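Q:
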Amino acid sequence: MALLNREKAQRAEELARSVTFIETAAKPDFRKCFADSMYIPHRTDRFTRNKPFRFPCRGTHHSVRPASDFRYQYQTWEELLEKGLPDEESLQKCILRMNRSGQPDDVADIPGAFALLASLVPPEQLYRKAGRNPIQFTQTLEKLNAIILRYAEKRLSRDVRILSFADPAGEMELCGLDFYRKFSGLANYRLFCALEKNLGQSLVHICGKTSVSMEKAGFMTAEPIRTEEGVPYLDILRICAADRKTHFIGHGCINREYPDLPLIYSMKLYRDRNASGRKEEKGEQI
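Taking the working numbering, I'd label the letters of the sequence shown as residues 1 to 286.
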């Protein structure tokens, strides 16, 4: 550390304080600590096989909890089926309310279809009932996707350059791999396919929790791109949007002023997989 400049020495001291010592692999939290410790870029791989299941970021929605007097519009999944979804204008207002205050004019938040649905119905209802009503559940997510897509297109037409996408209620760590591939992850994949055609000089920033889930489920791949040091994260995203080569950025947090490392991750839709995130059989097409 004597050879490091002051800034790097301080950073090294911070890292040293974050070291966790575990005496034996038999300890209950060993697997979690080991997975989190693997969140390190290696020169010998593309940083796709050794990421932890959990993205180590607080995220936009970390501290957001419904107020004690909050009441969902529908108390059960069956009630939603009986009464139907709210009209499109109401749902677009709901999306607008999800946007964080103080956003730059060229940034807009958009939710995943599952997150939007979970703002109407208690999410535990959705986790339990989706498997019993897969067709109706998928159709509902598709209707919400269409509304989210039209909302995103409207914001893009008003000079928004960065769509900040998050699907907190539908993350794989909450619902499991099978559920994610069948429902929430699949809905995200279809939305991204539709969005990609209309981005122009804009891009979608995917919340790190969602992008890790999408990659682990086989819907997207990640490619690291080196950036200049000391450039604010939003400015990096604006540069990427302007060159039209990158449509999706993930594995990062849009709430951070600067990236932890001079890297961003370009996310690409996995074209050689079918809509369920599984490998195509020979002769099949997407």
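Note that beta-carbon positions come from the ideal geometry of N, C-alpha and C, so glycine has one too. All values derive from a computational prediction rather than experimental measurement.
To the nearest angstrom, how far is the alpha carbon of residue 146 from that of residue 5?
A: Looking up residue 146 in the sequence shown gives position 146. Looking up residue 5 in the sequence shown gives position 5. Taking the straight line joining both Cα atoms gives about 53 angstroms.
Q: Which value, in whole angstroms, describes the spacing of the CA atoms of residue 209 and residue 168?
A: Counting from one through the sequence shown, the residue named residue 209 turns up at place 209. Counting from one through the sequence shown, the residue named residue 168 turns up at place 168. Answer to the nearest angstrom: the Cα atoms are 8 angstroms apart.
Q: Around the Cβ of residue 42, are there at least 16 other Cβ atoms within 10 angstroms (buried) or fewer (exposed)?
A: Walking along the sequence shown from the start, residue 42 turns up at place 42. With a pLDDT of 37 at residue 42, under the threshold of 50, the predicted position of this residue should be treated as unreliable, though the coordinate-derived value follows. Result: exposed.
Q: With DSSP run on the structure shown, which of helix, strand or coil describes residue 224?
A: Within the sequence shown, numbered from 1, the residue matching residue 224 stands at position 224. The answer is strand: DSSP assigns residue 224 an E or B state.
Q: Three-state secondary structure (DSSP) at residue 217?
A: As a working note, residue 217 is residue 217 in the sequence shown. Residue 217 falls in the coil class under three-state DSSP.
Q: According to the neighbour-count rule (16 or more other Cβ atoms, all chains shown, within 10 Å of its Cβ), is residue 290 buried or exposed?
A: Only positions 1 to 286 of the chain appear in this structure, which leaves residue 290 out of reach.
Q: For residue 123 and residue 9, I'd like the C-alpha separation in whole angstroms.
A: Along the sequence shown, one-based indexing puts residue 123 at 123. Along the sequence shown, one-based indexing puts residue 9 at 9. Distance between the alpha carbons of residue 123 and residue 9 is about 45 angstroms.
Q: Does the Cβ of residue 125 have 16 or more other Cβ atoms within 10 Å, making it buried, or fewer, making it exposed?
A: As a first step, residue 125 must be located in the sequence shown, where it is residue number 125. Buried is the call here.
Q: Where does residue 185 fall in DSSP's three states?
A: Position 185 of the sequence shown, counted from the first residue, corresponds to residue 185. If DSSP states are grouped into helix, strand and coil, residue 185 belongs with the helices.
Q: Go ahead and pull the three-state DSSP assignment for residue 151.
A: Numbered from 1 along the sequence shown, position 151 holds the residue referred to as residue 151. Correct three-state label for residue 151: helix.
Q: Quick one: any contact between the region 246 to 254 and the region 209 to 227, if contact means 3 or more CB pairs under 8 angstroms?
A: Enough Cβ pairs lie closer than 8 angstroms, so yes.
Q: Should the region 179 to 197 be regarded as contacting the region 255 to 274, the criterion being three or more beta carbon pairs within less than 8 angstroms?
A: yes
Q: Quick one, which of 211, 257, 219, 232 has its alpha-carbon nearest residue 265's?
A: Reading the sequence shown from its first residue, position 265 is the one you call residue 265. That would be 211, whose Cα lies nearest to the Cα of residue 265.
Q: Leaving out five residues on either side along the sequence, give the residues of the same chain with a beta carbon under 7 angstroms from the beta carbon of residue 153.
A: Locating residue 153 in the sequence shown gives position 153, where the first residue counts as 1. Closer than 7 angstroms at Cβ, skipping near neighbours: 198.
Q: So, is residue 185 buried or exposed, given that buried needs 16 or more other C-beta atoms within 10 angstroms?
A: Stepping through the sequence shown from its first residue, residue 185 is reached at position 185. Residue 185 is buried by the Cβ-count criterion.
Q: Grab the span of the alpha helix (DSSP H) containing residue 166 for me, first residue to last.
A: Within the sequence shown, the letter at position 166 stands for residue 166. No alpha helix (DSSP H) holds residue 166; the beta strand (DSSP E) holding it covers 162 to 166.
Q: Let me make sure I understand the geometry here. Which of 104, 72, 128, 73 has the alpha-carbon closest to that of residue 162?
A: As a position in the sequence shown, residue 162 is number 162, starting the count at 1. Per the Cα distances, 104.
Q: Please report the residue range of the alpha helix (DSSP H) in which residue 12 lies.
A: Your numbering for residue 12 matches position 12 in the sequence shown. Taken as a continuous stretch (DSSP letters only), the alpha helix (DSSP H) holding residue 12 covers 6 to 17.
Q: Helix, strand or coil for residue 261 per DSSP?
A: Start at 1 with the first residue of the sequence shown, and residue 261 comes out as number 261. DSSP places residue 261 in coil when its eight states are reduced to three.
Q: The alpha helix (DSSP H) that contains residue 109, what's its start and end?
A: To locate residue 109, count along the sequence shown from 1; it is residue 109. From DSSP, residue 109 is part of no alpha helix (DSSP H) but of the beta strand (DSSP E) over 107 to 111.
Q: Which residues does DSSP pair with residue 248 in a beta bridge?
A: Position 248 of the sequence shown, counted from the start, is the residue given in the question as residue 248. According to DSSP, which records beta bridges pairwise, residue 248 is partnered with 204.
Q: Quick check: the region 167 to 183 against the region 224 to 233, are there 3 or more CB pairs under 8 angstroms?
A: Not touching, per the Cβ criterion.
Q: Can you list, in chain order, the residues of its chain with a C-beta nearer than 7 angstroms to that of residue 177? Leave out the 5 residues immediately preceding and following it.
A: On the sequence shown, position 177 is the one that residue 177 refers to. Within the same chain, residue 177 has close Cβ partners 217.
Q: According to DSSP, is residue 157 helix, strand or coil?
A: Working through the sequence shown from its first residue, we reach residue 157 at position 157. Reduced to three states, the DSSP call for residue 157 is coil.
Q: What is the DSSP secondary structure of residue 197, reduced to helix, strand or coil?
A: On the sequence shown, position 197 is the one that residue 197 refers to. DSSP places residue 197 in coil when its eight states are reduced to three.
Q: Pick from 165, 106, 207, 231: whose alpha carbon is nearest that of residue 156?
A: Numbered from its first residue, the sequence shown carries residue 156 at position 156. If we check each option's Cα against that of residue 156, 106 comes out closest.
Q: Is residue 144 helix, strand or coil by DSSP?
A: Position 144 of the sequence shown, counted from the first residue, corresponds to residue 144. Helix.
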